[in-house]
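Everything on this sheet refers to the single structure shown next.
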Amino acid sequence: MKPEKFCKLRLLAFISLILVFLDCYPRITVRGVVFDSDSLPTPGVIVRLEASGIPKGFSTSAKDGSFSISVEKLELPASMRFISQKHETLSYPLDSIPEYVKIYLTRKDFVLQEVVVKAPERRIKGDTIIYDVAALTKAGDRTIEDIIRKIPGIQIDDSGGISYDGLSINHFYIEDMDLMGKNYTVASRSINPDDISTVSVYERHQDKRVLQGKQEAEKASLNLKLKKGRMLKPLGYLKGGAGVGSSALWDGDLYGMLISAKNQTIISGKGNNTGSLYARPDNSDNLNIFPSTPFGEPSIPKDRFIENKSAFTTANSLFKFNSNLNVKINSSFGYNRNAFDGSSVTEYLNPDEASIIYAERADNSLRSRNVEVTAAVENNGNNLYLNNTFNFNGDFVRNAYDVSSSTLTRQHVKSNRYLFSNNLKTIINHRGNLYEITSDTKFRNTPVARMQAINPDGNTDVAWQDLTIRRFHNREYTSISRQLMPRLSVGASISFEIDHDSFISAGERDNIDRKRNDISGYRITTSAEPFIKINIHGIIWKTSMPIRLLNIKYHDVVSNSCDKSDMVLVDFKSQFSKKFNQRNHATLSFGRENNVGDIRDFIDNPIYTTFRNVRTLGTGKLERGHDDFIRINYSYRNILQDLYLISGLSVKRTEKSKLSVSDVSQSGVAGSVKEERNNAGMATMLLNLTKGIRSINTTFHLNANALLRSGESMRSAMTVTTKNSILVLNGRIETYQFSDMVSITAGATGTWQRQTFGGVLPSNSTNSFSITGKLGVYPLRNIEIFYKTDYSRVKMATDNYRTNLFMDAGVIWTLRKIDFQLDARNLTDRNQYAYTLYNSLDINYYSYSLRPFEIILSVKYRF
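Numbering (our numbering), first residue to last: 1 to 863.
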C-alpha cells in the first residue's frame, strides 16, 4: 500500500472515531434571535429553557439579539420563557427541537415608580458561587459567621470550624488573601456583615496557580469581599460588659482590622469570666499521657458549667509585594483558668464475676497558657509555587484535682510542651512537567510532665509519675508528573522520613514498686509511590501503589535490650471521581494501608495516668497490621431549587497484632496490651439534606449519622467481642416571618445506642432526645428581643430518665454605632446536669454542677 493512501486511510479512521465519540454524547442546542416589535435586535433578554416546570438552562441575548442554550437532554414537551424589564414576558412552547427560532417581544407600557434595587442573592461563575451579603442579611445577624451559616452546604461546629460538602475548608480569604490561616474564627466571629459585600465559595479550590487546570482539589475555600469605602479604613469594635451571678461578672473585647490591596492587619484582645473559653492551638500528639479532664467532663456547652477567667490576644499582618509574593506573621497568647466540679459512678463490667462499682467526686481546677508565633513567605506564580512556614508553639499546663471517694486525694499535673516546626514546599512547572519538593521538620520537647497525688490529711504521696519526651521528625519529599496524553498522566513521588524519639519515665504508687521506662531510637521510612491518572469520559481514575522500606531500631536502657526491624510494605490506593455536571459529583475510593507501630510499642513498664489508673503502652515488640477500606461519597446541588444533598458511606476493616487489655479492681484500672491477632470493623453512614423554600422564607435541614463498630478486647483474662451501633437523627428549621419581624430556629435530635458483648455480658442500650430553639422578635428596626431554650431527656438506666431544661433570654438595642445588650442566662436556675455514657466495657453515670442564674449588661461600639 502506498504511503499516501495509508495516511488517508488513517486520517479517515481517525475522523470516524471522533464522529462516533461525538455521537455517543449528543447535546441538545436551541438557538435563536430576539427582536422587539420594531424588528430590531433586542439584547439583554433572559432566555430560560424549562421542562415540566423545572429550569434546564439559561442564556442572555447578545447585542445582535442572538442566544444559544445547550443541555444534555430535554424531555418534550418543553417551553422557553423570554424575560425582559422593558418587554412583556413571553412563553414559547416546544413540541420538538427547532433548528432556529425568531422571537418578537412586545414593549411594556409602565409608569416609573420609586423602586428598591436589590442584587441577586447568588451568582455562579464556573466553580465559584457568589453570595450577596446584603440579600442574605436578616435582623439579628451580628457577625459574618451568621451569614456564612446560611450558605447551603456549609456546616459550622461549636468551635467555629467551617466545613463545606462535609470537608473542612482549605482557606478563609479576605480580598483573596489568607491572613489568618487556620485561626480564621477570630475574623469570622468578629467581622460585621455590614462591612462585607459578598461571600464567595470557591468549590474544589486549587489554591496553587501552578496546579490550576492540572490537579483539582477536593476542598472548598471562602472569600470575603469588602464593600467600597471599607478599604484603607480601620474597622472593628470595642465591647465591655458587667453582670452578677454567684459572683461579679465581667467581659471585654477589642477587635480591629485594616485591609488594603497590599497589606492586611487584624488585632484582637478579649477576656471574660462569663464561661466563654478561647480555643488555643493544639500541639499535642499520641504521647500525651495525662488527659486534661481525667475524671470526666459534661457534653454540653462549656459556658453552662465552667467557672473561668480567660484572656486571649492575637496580632496578624500580611504584606503583599506583588501579585505572587506575600509575607505574613501571626502571633497569639491565650490564658485560661477554669474550674468545675462533678460526681461520677462507674460500673466496670466483668465477664466472670459481679460488676465493680466505683463512685467519686472531683473538683477540677485547670490552668493553661499558650503562646504561638507563625511566619510564612509565599510565592504563588503560574510556573513556581514556593511556601516556607515556620511555627513555634508553647503550651504550659498546671491542673489540680481534689477527688473524694472513700478518702480525699489531691492530684496535680504539670507539663511544659514546646513545638518547633518548619515546612518548605516548592512546585515547578517546566514545559508541562510538574516537579515538587517538600521538606517538613518538627521538634517536640516535653522536658517537664509530672503527675503527683497526695493525701492532704497525712501529706503523703499516693502516687507520682514523671515524664520526659523528645520527638524529632523530618520528611523530605519530591515528585514528578507528566501528561502523556490529554487524558493520561503518570508520575511518581519519593520521600525520606525519619523519626527519632526519646521517652523517659519514672513513677510509683504507695511508695513501693517504682516503675521506669527509658526508650530511645529511630524509625526511617523510604517511600516510592508511582501513580497513574486517566480521564475516561469524565470519570477520573487515579491509582497509586506506595512502596515503603522501613528501618526501625529502639533501645531499652532498663532491660538493656535492642529491637531492630527491616521490612518492605506495599500499599494500594485507588479512586474514581465523576463530576456529572455542576449539580452532581461522586467519588469512590478503596485500598489497603499497612500499619506499623512506633516507640509506644516498647514502653512495656506501667505509667500512672492518675492516682488510680495505670497504663502500659506496649509489649516490647513492634505492632503490625493493616486497614482495608472503601468509601463512597455523593453530593447533589440545585441552586435554583435551593436543594443540597451530601451523602457518604465508609467501611473499614482493621487487622492488628495486639489486643487491648483492662483489669479492674477496687484500687483502680490497669490498662495494657497483649500479643494476639484480632480484627475490628467500622462502618459509617452520613446524610445531610438542605432544602430552602423562598416563597415562605424557610430553610429545612436534615442530618442522619449511623455508626456500626465491632472490636475485641480482654477483661479478666477473657476476650470480649463488643459490637456498638449508634444512630443520630437531627432536624432543623430556620424561618423568617411577618416581614422579617420574627425569626425562629428550632431543632430536634434523637440518639439511639446499643452495645452487645457476644453473650459474655448482658447487652445494654441508651437513648436521648433533645430540642433546641431560638425565637427572635424585632418590633423596631433597632431592637431585638430573643429567647433560647434547650431541652433534653436522657436515659440514665432502665426505666430511669433525667430531664434537663435550660432557658436564656435577652434584648439588644442599637443606637447608631452602639449596641446595648442585656442577657439573662439559666432562667430556670438549674444547678445539676446528669447523663449516662457507655464507654466500651464501662458504664459511666455523671452529674455536674452548673453556673447559676446570671444577668450581664454589655455595651459594644462599632467603628
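From the three backbone atoms N, C-alpha and C, an ideal C-beta is built for every residue, glycine too. Just so it is clear, the structure is predicted and the values come from calculations on it, not from any experiment.
query, result
"Tell me which residues share the same chain as threonine 543 and place their Cβ nearer than 6 Å to its Cβ, disregarding the 5 neighbours each side in the sequence.", "Ile532 and Ser574"
"In the DSSP assignment, find the unbroken alpha helix (DSSP H) run with alanine 135 in it and report its ends.", "133 to 136"
"Under 6 Å Cβ to Cβ from lysine 774, same chain only, skipping five residues before and after it: list those, please.", "Thr745 and Lys788"
"When DSSP labels each residue in this structure, what does aspartate 566 get in the three-state scheme?", "strand"
"Considering only the beta carbon of each residue, do leucine 729 and glycine 747 sit closer than 8 Å?", "no"
"Threonine 185 by DSSP, collapsed to three states: which one?", "helix"
"In terms of alpha-carbon separation, which member of Gly618, Arg509, Thr265 and Leu254 lies closest to asparagine 272?", "Leu254"
"So, using beta-carbon positions, are tyrosine 173 and leucine 224 closer together than 8 Å?", "yes"
"Using C-beta distances below 8 Å, list every residue in its chain close to serine 260, excluding the 5 sequence neighbours before and after it, in chain order.", "Met231 and Leu232"
"Using three-state DSSP, classify glutamine 737 as helix, strand or coil.", "strand"
"Could you tell me the distance, in whole angstroms, from the CA atom of valine 116 to the CA atom of serine 188?", "Residue confidence is low: valine 116 scores 46 on pLDDT, short of 50, so the model does not pin down where it sits. Its coordinate-derived value is still stated next. Whole-angstrom Cα-Cα distance: 29 Å."
"Arginine 204 to isoleucine 539, Cα distance in whole Å?", "16 Å"
"Among Ser559, Val377, Ile83 and Lys214, which has the Cα closest to the Cα of leucine 434?", "Lys214"
"How about asparagine 383 and valine 210: are their beta carbons less than 8 Å apart?", "yes"
"Could you check whether the Cβ of glycine 166 sits closer than 7 Å to any heavy atom belonging to the ligand SAM?", "Because no ligand of any kind appears in the structure shown, any question about the ligand SAM cannot be addressed here."
"Could you give the residue range of the alpha helix (DSSP H) that holds glutamate 218?", "Careful: glutamate 218 lies outside any alpha helix (DSSP H) and carries neither H nor E."
"Would the stretch 630 to 640 count as touching the stretch 601 to 618 if we require 3 or more Cβ pairs under 8 Å?", "no"
"With the cut-off set at 8 Å, would you say serine 505 and aspartate 563 are in Cβ contact?", "no"
"Suppose contacts are defined by Cβ-Cβ distances below 8 Å. Is serine 647 in contact with leucine 588 by that definition?", "no"
"Of the choices Arg81, Ser39 and Gly32, whose alpha-carbon is the least far from that of glycine 53?", "Arg81"
"Is DSSP giving proline 779 helix, strand or coil here?", "strand"
"Which residues in the same chain as glutamine 155 place their Cβ atom closer than 6 Å to its Cβ, once the five residues preceding and following it in sequence are excluded?", "Ser163"
"Can you give me the start and stop residues for the beta strand (DSSP E) that isoleucine 83 sits inside?", "78 to 84"
"Any contact of the stretch 96 to 111 with the stretch 140 to 160, i.e. 3+ C-beta pairs under 8 Å?", "no"
"Whose C-alpha, out of Ala375, Ser415 and Gly342, is nearest the C-alpha of serine 368?", "Ser415"
"Spatial neighbours of alanine 362 within its chain, please: C-beta separation below 6 Å, excluding the five flanking residues on both sides.", "Phe295, Tyr401 and Val403"
"Could you name the residues of the same chain whose beta carbon sits closer than 7 Å to that of aspartate 23, not counting the 5 residues immediately before and after it, in chain order?", "Annotation note: pLDDT 42 at aspartate 23 (below 50); position unreliable, no value reported."
"Which of the three DSSP states, helix, strand or coil, is assigned to leucine 211?", "helix"
"Give the range of the beta strand (DSSP E) segment to which aspartate 402 is assigned.", "384 to 404"
"Which term fits leucine 805, buried or exposed, when burial requires 16 or more other beta carbons within 10 angstroms of its beta carbon?", "exposed"
"Does the stretch 683 to 697 come close enough to the stretch 370 to 378 to have 3 or more Cβ pairs within less than 8 Å?", "no"
"Find out if the Cβ-Cβ distance for the pair threonine 441, lysine 425 is shorter than 8 Å.", "no"
"Drop a sphere of 10 angstroms on the beta-carbon of alanine 220, count the other beta-carbons inside from all chains shown, and report buried for 16 or more, exposed for fewer.", "buried"
"Measuring only the C-alpha atoms, how far is threonine 128 from tyrosine 202?", "5 Å"
"Pull up the distance between the alpha-carbon of serine 421 and that of serine 840, whole angstroms please.", "36 Å"
"Using C-beta distances below 8 Å, list every residue in its chain close to valine 742, excluding the 5 sequence neighbours before and after it, in chain order.", "Tyr736, Leu775, Gly776, Val777 and Tyr778"
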